[in-house]
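Heads up: take any position in the sequence shown, counting from 1, add 584, and you land on the numbering used here.
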Amino acid sequence: MKHIIIIGGGVAGLGAAYKIRRAKSEGYEVEFTLFEKDNRLGGKIQTEIVPDPFEMGNFIVDGGPDCFLTEKPACHRIARLTGIFDDELPTDDSRKRTWILSRGKLHEMPDGVMMFAPTKLIPFATTGLFSWGGKIRMAMDLLIPPKKLAPGEFNDETLESFVVRRMGRECLDRLAEPLVGGIHASDPAQMSLAATFPRLLEMEQNYGSLLKAFIAVRRKVEEMRRKYPIKPGEKRRTFFTSFVNGMQQLTDSMADAAGRERMRTGVFVTSIQRISKGGWHVLLSDGSSMDGDAIIVATESWTAEPLLRPLDGAIADALAAIPTSSSATISIAFNENEVGFDLNAFGVLCPLVENRALMAATYSSTKWPGRAPKEKVLLRGFVGGPHNQEILKHSDEELVQIVLDEFRDILGLNPFAKPLFYRVFRWHLGMPQYTLGHLERVELIENRCAQIPGLALAGGSYRGVGVPNCIESGEKAVSKIFREWEIDLAEDHIEEKRYY
Ligand SMILES: Cc1cc2nc3c(=O)[nH]c(=O)nc-3n(C[C@H](O)[C@H](O)[C@H](O)COP(=O)(O)OP(=O)(O)OC[C@H]3O[C@@H](n4cnc5c(N)ncnc54)[C@H](O)[C@@H]3O)c2cc1C
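In structure tokens form, the structure reads like this:
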């Protein structure tokens, strides 16, 4: 029996564990042991179910991710395999509106905006979000020629330089930074497009204009929806998807399906060593140790770095060069009749140029049906990010007060609305920053790992922070080891379809 040690019980580590379990079910002689530092599994995916103080039902509070991108297949596939597909939860698009704070006032995001490109003329022309000068500059994207690339030149630039070059500074400040940078909690002046949104670079090269490219994408999506309409009884597909019991339903189902008896929580790996006869030896924080035939390091890059330093200095240096930023989410519950503002929206984005403590707010109980009992409301504030690490020095109570003040000032929350409860989730160094040079660093890590039999890395620090990307990274880590052992899984030959 071959034994793989997995370090880290986030969604990437669980993705690896579950794949090994599936291989075992196919008859392969493989087993795993997973170690997780925290007392719970799931890593950044954490849902708390809070009973309503008046026993009217439950609040479902997601502390980390509250959804995944519907078009990416990995979460759907896992949900089908583990039997929770029927619990996938689309957003309530009858109430879909996003507000953007601009010059101190809330403006509705114009209909037809894709990423940061307006694809519908009238909503764009009539929005108060941009000045006329800004709108004209954005429309100039239709005329500006694409970046000239020398033959074989690697195409990359920061989000800031790309958007300013094509659509102007106002588009960056008022739309692209909060929408695109915000997803990664990243600084647009540092963020590598090749590592985060390579499609934008391709679109410029293929269409010569982002506006033309996004109009084509919108038409394609509309056509696909016409071609494959939702069948009777089938669930609506919305841009984002979650689960009825919150995102942790996904990681819980993965842990159950992979086998919790093979997972140890509350213990961390302090060092890993290669054994001269082949295989690996890990030391654990409780003083014990374990041997394995292979090892998957599915931790954050900054915790992987000291583990890998004695093994390969170049990998460790590349890991150390991946910056991270910290953030926190603050969820606060209210009585609906007390909040005093229109709840028919998914949330508010606060661009950096507005200089607010709040980066974004989600109206969780509007966006996701069932997140709060009837006549109750759940709101979530997001703070931190690379430009405001200082805010995280505040205590939980202070953070709640800051977010309440921001809700009052920005959303129009009634100053007399009394919070029913709050939950603060802190994510210390929780967001990897894909800065320029990120892909080269990841390639170096992968190339060097390829030379070390039985070692693979996985997680959101490398090729995508999204939950589906992390699942795939865990699965790919297993595939790397299986290839070395000449294990060929049937499932690896099934092509996954994207969802529209
Ligand atoms: C606030 C926030 C909101 C987000 N929102 C979204 C969203 O809406 N949609 C989306 O798709 N993505 C979102 N993301 C990103 C996504 O949640 C993460 O990229 C993903 O969950 C990371 O999974 P992972 O398994 O790679 O890492 P983690 O979840 O960080 O898991 C790594 C685990 O390794 C453990 N560990 C570390 N060192 C050791 C050791 N030495 N021994 C044992 N265990 C160790 C850690 O305790 C941790 O549990 C969000 C992230 C944050 C922080």
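No residue lacks a Cβ here, since even glycine has one placed at the ideal position from N, Cα and C. None of the values given here were measured: they were computed from a predicted structure.
With residue i and residue j assumed to form a contact (beta carbons below 8 Å), what rounded beta-carbon distance in angstroms separates them?
i     : j     : result
I859  : D836  : Between D836 and I859 the Cβ distance is about 34 Å, and since that is not below 8 Å, they are no contact.
P707  : E744  : With a Cβ gap of about 25 Å, P707 and E744 do not count as contacting.
G626  : Q832  : 5 Å
E922  : A1001 : 4 Å
A878  : G766  : With 8 Å as the limit, A878 and G766 do not qualify as a contact, their Cβ atoms being about 37 Å apart.
T946  : N928  : With a Cβ gap of about 14 Å, T946 and N928 do not count as contacting.
R1007 : E632  : 6 Å
P674  : T822  : 4 Å
R846  : T617  : 6 Å
L933  : S948  : About 15 Å; that fails the 8 Å criterion.
G597  : G1058 : 6 Å
A956  : F643  : 5 Å
S776  : Y1018 : 5 Å
Count the other CB atoms within 10 Å of the CB of residue i; is the residue buried (16 or more) or exposed (fewer)?
i     : result
L1052 : The sequence as given places Pro at residue 1052; Leu does not occur at that position. Flag for P1052 reads buried.
K977  : exposed
A898  : exposed
Y602  : buried
E639  : exposed
D1072 : exposed
I994  : buried
M585  : exposed
E982  : exposed
Q1035 : exposed
T710  : exposed
S869  : exposed
H577  : Since the first residue of the chain shown is 585 and the last is 1084, residue 577 is not available in this structure.
A912  : buried
L733  : exposed
F738  : exposed
D926  : exposed
P1016 : buried
Within a Cβ cutoff of 8 Å, which residues of the same chain sit near residue i, ignoring the five residues on either side of it in sequence?
i    : result
G667 : S837
D532 : Because the chain spans 585 through 1084 in this model, residue 532 falls outside it and cannot be assessed.
F930 : T675, R679, K680, R681, T682, T946, Y947, T950 and K951
V984 : I914, I916, P1003, Y1006 and V1008
G717 : E754
I814 : R820 and R821
G850 : E620, K621, D622 and N623
Residues in the same chain with beta-carbon distance under 6 Å from residue i, minus the five sequence neighbours each way, listed in chain order, please.
i     : result
D725  : R750, M751, S793, L794 and L795
L867  : T854, S855 and S873
K656  : P1052
A658  : P1052, I1055 and E1056
L690  : W683
G592  : A882 and T883
L763  : F700
A1061 : A600, I880, A1040 and A1042
P953  : D676
Under the criterion of a Cβ to heavy atom distance below 7 Å, does residue i qualify as lining ligand 1?
i     : result
L1039 : no
W1011 : yes
K608  : no
D870  : no
F619  : yes
E884  : yes
T887  : yes
F852  : yes
P649  : yes
F652  : yes
D771  : no
L673  : no
G1014 : yes
T556  : For the chain, the structure presents residues 585 to 1084; residue 556 sits outside this window and is missing.
A596  : yes
V614  : no
L891  : yes
I906  : no
I591  : yes
V1051 : yes
K719  : no
Taking 7 Å as the line, does the beta carbon of residue i fall inside it for any heavy atom of ligand 3?
i    : result
L933 : Looking for ligand 3 in the displayed structure turns up nothing; the ligands present are ligand 1.
Return the chain-ordered list of same chain residues with a C-beta closer than 7 Å to the C-beta of residue i, the five sequence neighbours on each side being excluded.
i    : result
L653 : F824, G1050 and P1052
V748 : L756
Is there a Cβ from chain D that is less than 8 Å from the Cβ of residue i?
i    : result
I728 : No chain D is part of this structure, which consists of one protein chain only.
* Every unbroken alpha helix (DSSP H) within the region 691–763, with a cutoff of 4 residues, ordered by chain -> 705–710, 716–723 and 743–751
* Which runs of the alpha helix (DSSP H) fall wholly inside the region 845–930 and span at least 4 residues, in chain order? -> 885–892, 897–904 and 920–923, all fully within the region 845–930.
* Segments of 4+ residues assigned as alpha helix (DSSP H) that fall wholly inside the region 779–823 -> Entirely contained in the region 779–823, the alpha helix (DSSP H) runs reaching 4 residues are, in chain order, 782–791 and 794–811.
* Asked: Which runs of the beta strand (DSSP E), 3 residues or longer, sit entirely within the region 634–696?
  -> 642–646, 672–674, 682–686 and 689–692
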